[in-house]
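Engineer: Would you mind keeping the following structure in view while I ask a few things?
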Amino acid sequence: MEQGVDAIILAGTNKYRWLEEIGEDCKPFIEIGGRTLVEYVIDAALECPDISRTYVVTDVERLEALLAKRRFDVPDKLKIVPQHDSFLGNIRYPFLYDVLPDAGFSRIEKGETPEQYVKRNPEATEQKVVGLYSDSPFIRGIDISRFIETSEESYPEADYVIGFAYDKPIREIEEHLDRELCTPETKSALFFLDGTMTRANNLLYGKPLKLPHEVWDIAQNVYDNRKFLDEQGGHRIKKWLSQAKTPFKYVMIHPSKRPTITWGFLTGVYHFLMFGLANLTKSQVPYVLSKKEERERVVYRMSGNKAVARINICDVTLPTFDIDNPRFLSMLRENDCELFYKLQTCPRNYPFESDEQFEKLQDYLRWCVRGHDEVLSF
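Counting from 501, one number per residue, gives the positions in the sequence shown under the working numbering.
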């Protein structure tokens with residue numbers, strides 16, 4: 501069996517009010533700089549030498565039509581698979597039904613649970629994927645490689661790793677561009693974590709089958725209700741309380757896990773509510789949640805003490821700038837996409853293995869901004 505790393509690009513075509521208000525359809529297919537957001541992320545995955553295969557989870561017909569229009573020759577290691585009705589489903593089902601069979605494992609049988617499948621294929625629990633977001637057009641293959649490298653070196657024991665970036669390189673990019681990017685208006689706030697300000701860098705890495713089957717529903721509930729306010733500005737406290745039935749049902753089925761799951765869910769609720777309050781009041785997150793180990797412990801508890809999570813605060817910075825609101829999108833499109841091209845070509849300060857590797861990246865970036873060579877920052 502292959503034990504390489506595959507990439508899953510999350511390119512679901514969910515509808516958002518802010519997109520409808522500016523005449524856009526869905527985030528992956530927003531066009532900027534002559535290409536859609538998802539195309540930039542596909543390029544990054546395909547150019548990454550550490551990625552064996554890439555799976556794009558999206559509207560299959562729409563992406564296939566787009567790539568055909570672009571006369572893009574789809575390589576064998578790129579596969580477009582249908583989206584599902586939930587964020588975690590868009591990771592889980594492609595992994596079970598596409599990634600594992602393509603890696604040489606047997607197919608999951610009809611009616612078979614993931615736990616039953618693991619008993620037949622225990623090695624499948626070690627299969628790794630990196631999760632990429634389709635609204636992060638500034639990511640490059642070298643960013644993915646760097647994140648995998650730092651995750652493996654720093655957290656070899658982790659079942660999955662969540663990526664964060666330090667604020668210093670983010671501020672250096674702002675100074676380089678002479679433009680403030682991380683503001684409440686662009687929904688790109690920095691958060692206090694482990695004694696410094698950080699921001700999620702939109703990279704995930706790990707082993708999906710390490711997370712117990714029953715916990716996925718709990719994790720999805722936490723994700724669905726992660727915002728303190730809804731789109732109308734109303735508080736989600738009642739919504740949070742109504743979601744308690746999910747872990748309650750789970751602990752009734754698995755009484756031995758009652759203490760860990762209940763503690764994990766309640767701590768998770770507290771975590772996200774306090775996080776939202778801190779954002780609204782522009783105050784610091786409570787101390788108990790400001791340490792990386794505390795957050796990792798919350799996630800570990802919510803997995804029934806089975807999946808070890810780690811937060812990798814590293815130097816992979818450019819993917820943090822995702823397109824998640826109309827203000828930032830408007831900034832990127834101003835002056836013939838000047839800011840967009842400048843962000844595309846911001847230099848990375850990773851240790852390059854050779855001058856040839858650096859020159860290859862430089863040539864690729866020049867190709868991306870052909871006709872705009874003056875924005876290159878090397």
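We put the CB at the ideal spot given by N, CA and C, even for glycine.
Only a predicted model underlies this, so the values are computations on that prediction, with no experimental measurement involved.
#1: Check Asn-590 in the structure and name its three-state DSSP category.
#2: Exposed or buried, which one is Arg-607 when buried takes at least 16 other CB atoms within 10 Å?
#3: What are the boundary residues of the beta strand (DSSP E) that includes Ala-807?
#4: Name the DSSP bridge partner or partners of Phe-691?
#5: So, for Glu-674: in the same chain, excluding its five sequence neighbours on each side, which residues have a beta-carbon less than 8 Å away from its beta-carbon?
#6: Pair every Cβ in the stretch 834-852 with every Cβ in the stretch 654-665, then say whether three or more of these pairs are closer than 8 Å.
#7: State buried or exposed for Lys-619, treating a residue as buried only when at least 16 other CB atoms are found within 10 Å of its CB.
#8: Would DSSP call Tyr-850 helix, strand or coil?
#9: Given that a residue counts as buried once 16 or more other Cβ atoms are within 10 Å of its Cβ, and exposed if not, what is Asp-667?
#10: Among all the DSSP beta bridges, which residues are the ones paired with Gly-631?
#11: How should Ala-507 be labelled, buried or exposed, when 16 other C-beta atoms within 10 angstroms of its C-beta is the threshold for buried?
#12: Skipping 5 residues on each side, what residues in its chain have a beta carbon closer than 7 Å to that of Glu-564?
#13: Would DSSP call Pro-637 helix, strand or coil?
#14: Any contact between the stretch 511-520 and the stretch 610-618? By contact I mean 3 or more CB pairs, one from each, below 8 Å.
#15: Need the endpoints of the beta strand (DSSP E) that Phe-840 sits in, please.
#16: In angstroms, rounded to a whole number, what distance separates the CA positions of Asp-550 and Ala-700?
#17: So is Arg-592 buried or exposed if we call it buried at 16+ other beta carbons inside 10 Å?
#18: What are the boundary residues of the alpha helix (DSSP H) that Ile-670 is part of?
#19: Three or more beta-carbon pairs under 8 Å between the stretch 636-654 and the stretch 535-550, yes or no?
#20: Grouping DSSP H, G and I as helix and E and B as strand, with all else coil, what is Leu-519?
#21: From Ile-811 to Pro-637, what distance separates their C-alpha atoms?
#22: Measure the Cβ-Cβ separation of Val-460 and Tyr-705 and say whether it is below 7 Å.
#23: Would you kindly work out how many angstroms separate the C-alpha atoms of Val-574 and Val-538, rounded to a whole number?
#24: Just list the residues that DSSP pairs Gly-663 with in beta bridges.
#25: Please classify Ile-644: does DSSP put it in a helix, a strand, or coil?
#26: Could you work out which residue in Asp-678, Leu-566, Pro-614, Asn-849 is closest to Glu-838 when comparing CA atoms only?
#27: DSSP three-state call for Thr-683: helix, strand or coil?
#28: Over what stretch of residues does the beta strand (DSSP E) that includes Tyr-555 continue unbroken?
#29: Can you give me the Cβ contacts of Asp-602 inside the same chain, cut-off strictly under 7 Å, excluding the 5 residues immediately before and after it?
#30: Once DSSP output is grouped into helix, strand and coil, what is the label at Lys-791?
#31: With a cut-off of 8 Å on the beta carbons, I'd call Leu-510 and Ser-634 a contact; round off their distance for me.
#32: Just confirm the distance between the C-beta atoms of Phe-647 and Leu-566, as a whole number of angstroms; I'd bet it's less than 8 Å.
#33: Does DSSP put Thr-625 in a helix, a strand or coil?
#34: Is Asn-590 near Val-557, with beta carbons less than 7 Å apart?
#35: Can the beta-carbon of Ala-624 be found closer than 7 Å to that of Leu-600?
Structural biologist: In terms of the structure at hand:
#1: In the three-state DSSP reduction, Asn-590 falls in the helix class (H, G or I).
#2: Exposed, because fewer than 16 other Cβ atoms sit within 10 Å of the Cβ of Arg-607.
#3: Annotation: Ala-807 is outside any beta strand (DSSP E) and is labelled neither H nor E by DSSP.
#4: BP columns for Phe-691 point to Thr-698.
#5: Only Glu-680, Leu-681, Cys-682 meet the Cβ criterion.
#6: Flag = no, the stretch 834-852 and the stretch 654-665 do not touch.
#7: Burial state of Lys-619 is exposed, judged by a 10 Å Cβ sphere holding fewer than 16 other Cβ atoms.
#8: Assignment of Tyr-850 by DSSP, reduced to helix, strand and coil, places it in the coil class.
#9: By the beta-carbon neighbour count (other beta carbons within 10 angstroms, threshold 16), Asp-667 is buried.
#10: Beta-bridge pairing links Gly-631 to Ile-508, Leu-704.
#11: By the C-beta density criterion, Ala-507 is buried, having at least 16 other C-beta atoms within 10 angstroms.
#12: Non-local beta-carbon contacts of Glu-564 in its own chain, meaning distances under 7 Å to residues more than five positions away in sequence, involve Ile-580 in chain order.
#13: Assignment of Pro-637 by DSSP, reduced to helix, strand and coil, places it in the coil class.
#14: In the pairwise beta carbon analysis, the stretch 511-520 is classified as not touching the stretch 610-618: fewer than three pairs are separated by under 8 Å.
#15: Element bounds for Phe-840: not the beta strand (DSSP E) but the alpha helix (DSSP H), 826-844.
#16: So the alpha carbons of these two residues sit roughly 22 Å apart.
#17: Under this definition Arg-592 is a buried residue.
#18: Ile-670 -> alpha helix (DSSP H) spans 667-677.
#19: With a cut-off of 8 Å on Cβ pairs, the stretch 636-654 is in contact with the stretch 535-550, counting three or more such pairs.
#20: Three-state DSSP puts Leu-519 in a helix.
#21: Per the coordinates, the alpha-carbon of Ile-811 lies some 22 Å from the alpha-carbon of Pro-637.
#22: For residue 460 there is no data in the structure shown, the boundaries of the chain being 501 and 878.
#23: Going by the C-alpha atoms only, they are around 14 Å apart.
#24: In DSSP, Gly-663 forms a bridge with Asn-812.
#25: It is helical.
#26: Cα-wise, what sits closest to Glu-838 is Asp-678.
#27: It is coil, neither helix nor strand.
#28: From DSSP, the beta strand (DSSP E) with Tyr-555 extends over 551-558.
#29: Excluding positions up to five away in sequence, the list reads Arg-553.
#30: Per DSSP, reduced to three states, the secondary structure at Lys-791 is coil, with no helix or strand assignment.
#31: Taking C-beta atoms under 8 Å as the contact rule, Leu-510 and Ser-634 qualify, at a distance of about 6 Å.
#32: Phe-647 to Leu-566, Cβ: 27 Å. No contact.
#33: Helix at Thr-625.
#34: In this structure, the beta-carbon distance from Asn-590 to Val-557 falls below 7 Å.
#35: Result yes, Cβ atoms of Ala-624 and Leu-600 sit closer than 7 Å.
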